[in-house]
């Protein structure tokens, strides 16, 4: 505070109350009032001078005060229509002054005159630097910028400049941004359980550091999923998840399928009562659909011909494995058959081939990002004259027996033997993708069509990726009498599924289909090793949060 | 049975047991054996003759026996790879012999020598006729064909012929199929509660018939949804439903959004506890998400920038109205805001305009089909320099007051006044589509951003079609302190939503979004008058089946 700002006089009315009833005369009062008025004006003048002096002084000290700071809470106060840019577009903007919103991925002060900020938008990042300069960037501004927490969201104005050498720590390495203004949009108000840099670190980097770096465990990630999802790896995984859905739809759309939406709330426990979640439904109860199986078959009975659905399926199975979720996304389809259920099997095969191609050709960048953290042998499939490898359940068993598994253990092929089969097949046929056809009838649900020649076998198939099942499908029974009989054989009361059975009683075309687990396909294509990594907010018997 | 087939001799060994210990001699036994052998041969010969005679006799009587009949149950016995065609393709196949699978929509015998079959595939139908002809179509064949139940699924072989005049009772009216072979693939094993013809009948037709025709009530339809869905109207409605989803995705995809899938099983009752379904979850409990609101905001906090989701939302509201379902499809989106929440509002507006255009331009045929049964004034929206009609909640209230509604009844705008407003707006501005902005804060959920100037208002909007709300959206609060405070104001314990709040504590961009009810948009665009008609298998407080 400068001296000029100090009050120069004492207050005018020192002891007005103490004068009691022998108060001052009227003229004295007038005099005092005049004096008070004079004093007031003087004080006002002094205050004004003080304010101006303070402003001047502040300006001398921080000439950049308007170029940085915390913005007021964004409530859409104004709309200047000033364009903001993406980091990905910066290489083509050399020399431009740009405005952008980004996260501070990390920052590093170099002495007291320069700070480097790594700015991040989704999977892209760029280096920004702030250098103290007269009339532009003050020491206070630099100090403030250097103090911003990692993961803060900032609004940056700066000039794009060619960087003298490729910046390896950023995805956009050919340019950097010289910051002229920096404002905080949203700060970090809690201690980060881990940084996004930690989340993105590869096992190789951690080992090379002699375990100096923080290894973020899966549970920690999932407990703090919002931060975990910001990693480059996760941004890429969920872009690929969306791509998978798009490719699924594109293929089916171009093959005459239409999308349906069937209810998840069911009046009766369907398919198999054991693994169904129960819901309180007003004064009664309901169940969560464990697949759209019945609904999509009813859509076929209603002449929809070819349908698909992308929706949640619910499984009340207390399975705590790397590949089970209690809620996952089902990619389901069902279609009429003209001559043979292999029409469906081939449609599904075409679908997968089209998905594999689409992912590899249009999303190479994302696959490469994920591979950095999850190294995997490139996913292999067969094409050309031989096409996809297909064999029967019996042949699959024989392959395992040849490899040393006891035949008596192979009434069903368990997870371990499934994986073993995957290794045998890869070694022998050089493919990670194959189909097993003709499963034993007793392993399949009641609605599966028996083989025409051998009633112990069925017109059903599973598809596999890297030795794990990703699709189960079959021709279905469209004859109501046979269906009823099979229900009774499996201990299901046909009356409990009247609406479903009616569909067949009123005539239904021969049909078949299959159900795909979205997260499983994603996990296996990318070799993520745990299905939770392929689910945005995974649900398992022990996890309902976040 | 012909006489030749009768056994001509008595069995050779009449009383072998009765002979006891004084049995026949060895020579006697040999003799008998010889006789038996002779008899056996004679019987075999007779049987063969009988069979041949039967065949001959049958051939004489029915020369067409191989051209018709019930096929064995389709179990994929063979695969001849014989192409089958769609009814829609028939006009370009004049003169061709074709094979097709279709429903018998109805049939009509003309005398004893001709039968007309109306064959149906989805929304297409064609007239087929069968005429008795030597060596081709027998009387038995004709009788059998005429006796096939409506809704039977048949495999038809026949020649496509130009019809002498346009056949009005079929959608493909320029050709007909002269049937040479007809096989039953799937019959009808229960009494149809109504026919598909009944289901498709318009109110005008029913009235014109003097109510001779069966008027199929909504509940009857929904109880027998599989048959109801076969109607042309429903085939068109659900093609339009799928189209709506496609158009939604296409627009958002081209604007940089990615699709997410958020869990429907929630650890805590979110948003408002009252209308949430409770689920038994192993030894504990869970809740069904009443919207993906929290998850999509967390995706924004996780830097996804622009996300959308198409998924079921669950509302445990005991509302038995024309526009409420307990489970419906939510089309949800959320995006970051740079300057102003109107960026989101304009994105949503662009989305709707693009959907309206897409439907009208690419699905005219389906819209026309629906309009036959549900006549509606053409849906109107504004474009050009003025663009979509937008006004504030206050202005909406004023419009209603001007129209005679008491201002004191307008703290909120109820359904009745919403519809009234729709009529006012259509009369005054010639649009069925408009936006109301700036809703009072107290009408909106806790996560809504208050207006920067008037804390009793909010940065929120609703979209309307034909006087009914189809979208609700807003800028959201991204500041954790303000969010916590608003939770407490609404009686929500912030601890119960820790995972959600954490997203904001670790920094979150300003953002906004909206949620659309798929079935409502479909119902209002087509003026179906009841939301159940826009849902494949609708769920309401009283309906969980089929």
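Chains as they are written, first to last, in the numbering used here: chain A, 27 to 572; chain B, 27 to 572. In this text, a Cβ means the ideal position worked out from N, Cα and C, and glycines have one as well.
| query | result |
| --- | --- |
| Which of helix, strand or coil does DSSP assign to residue 230/A? | helix |
| The stretch 254-279 of chain B: which residues have C-beta closer than 9 Å to a C-beta of chain A, in chain order? | 254, 255, 256, 260, 261, 264, 265, 267, 268, 269, 271, 272, 275, 279 |
| Would residue 579/B and residue 406/B qualify as a contact pair, given that the criterion is a beta-carbon distance under 8 Å? | An answer regarding residue 579/B cannot be provided, because it is not within the stretch 27 to 572 covered by chain B. |
| Buried or exposed, going by whether 16 or more other CB atoms sit within 10 Å of the CB of residue 383/A? | exposed |
| Nearest-angstrom Cα distance between residue 576/B and residue 420/B? | In the structure as shown, chain B begins at 27 and stops at 572. Residue 576/B is therefore absent and cannot be evaluated. |
| What span of residues does the beta strand (DSSP E) with residue 542/B cover, start to end? | 537-543 |
| Please report the straight-line C-alpha distance between residue 351/B and residue 335/A, rounded to a whole angstrom. | 20 Å |
| Using the Cα positions of residue 556/A and residue 390/A, report the straight-line distance between them to the nearest angstrom. | 22 Å |
| Should residue 480/A go down as buried or exposed, given a rule of 16 or more other Cβ atoms within 10 Å for buried? | exposed |
| Express the C-alpha separation of residue 312/B and residue 497/B in angstroms, rounding to a whole number. | 27 Å |
| For residue 374/A, which of helix, strand or coil comes out of DSSP? | helix |
| Quick one: grab the DSSP three-state call for residue 422/B. | helix |
| Going by other Cβ atoms of all chains shown within 10 Å of its Cβ, with 16 needed for buried, is residue 133/A buried or exposed? | buried |
| Applying the criterion that 16 or more other CB atoms from any shown protein chain within 10 Å of the CB defines a buried residue, is residue 73/A buried or exposed? | exposed |
| Three Cβ pairs or more, each shorter than 8 Å: is that satisfied between the stretch 356-367 of chain B and the stretch 538-545 of chain B? | yes |
| Go ahead and label residue 521/A buried or exposed: buried means 16 or more other beta carbons lie within 10 angstroms of its beta carbon, across all protein chains shown. | exposed |
| Shorter than 8 Å from the beta carbon of residue 144/B to some beta carbon of chain A? | no |
| So, for residue 278/A: in the same chain, excluding its five sequence neighbours on each side, which residues have a beta-carbon less than 6 Å away from its beta-carbon? | 334 |
| Excluding the 5 residues flanking residue 95/B on each side, which residues of the same chain have their C-beta closer than 8 Å to its C-beta? | 170, 209, 210 |
| Spatial neighbours of residue 258/A within its chain, please: C-beta separation below 7 Å, excluding the five flanking residues on both sides. | 149, 226, 395 |
| With a threshold of 8 Å between beta-carbons, can residue 35/A be considered close to chain B, or not? | Legend: pLDDT at residue 35/A = 42, less than 50; position of this residue unreliable, value from coordinates given subsequently. It does not: the Cβ of residue 35/A has no partner Cβ on chain B nearer than 8 Å. |
| Does residue 100/B come out as helix, strand or coil in the three-state DSSP assignment? | coil |
| How about residue 93/B and residue 207/B: do their beta carbons lie closer than 8 Å? | yes |
| Pairs of beta-carbons, one from the stretch 364-375 of chain B and one from the stretch 244-256 of chain B, closer than 8 Å: are there three or more? | no |
| Going by the CB atoms, is the gap between residue 314/B and residue 305/A shorter than 8 Å? | yes |
| Please report the straight-line C-alpha distance between residue 128/B and residue 188/B, rounded to a whole angstrom. | 20 Å |
| Round the Cβ separation of residue 570/B and residue 337/A to the nearest angstrom and send it over; I've been treating them as touching at under 8 Å. | That pair is no contact at about 17 Å. |
| Count the C-beta pairs between the stretch 423-442 of chain A and the stretch 512-528 of chain A that are closer than 8 Å, then say yes if the count reaches three, no if not. | no |
| Buried or exposed: where does residue 108/A fall if 16 or more other Cβ atoms within 10 Å of its Cβ makes it buried? | exposed |
| Quick check on this structure: which residue in 269/A, 444/A, 162/A, 380/A has the alpha carbon closest to the alpha carbon of residue 89/A? | 162/A |
| Report yes or no: is there a C-beta of chain A within less than 8 Å of the C-beta of residue 549/B? | no |
| Which of the three DSSP states, helix, strand or coil, is assigned to residue 131/A? | strand |
| Have a look at residue 168/A and residue 157/A and give me their C-alpha separation to the nearest angstrom. | 7 Å |
| So, is the C-beta of residue 567/B closer than 8 Å to a C-beta in chain A? | yes |
| Going by other Cβ atoms of all chains shown within 10 Å of its Cβ, with 16 needed for buried, is residue 147/A buried or exposed? | buried |
| Considering only C-alpha positions, which residue in the set 272/A, 124/A, 281/A, 221/A is nearest to residue 381/A? | 272/A |
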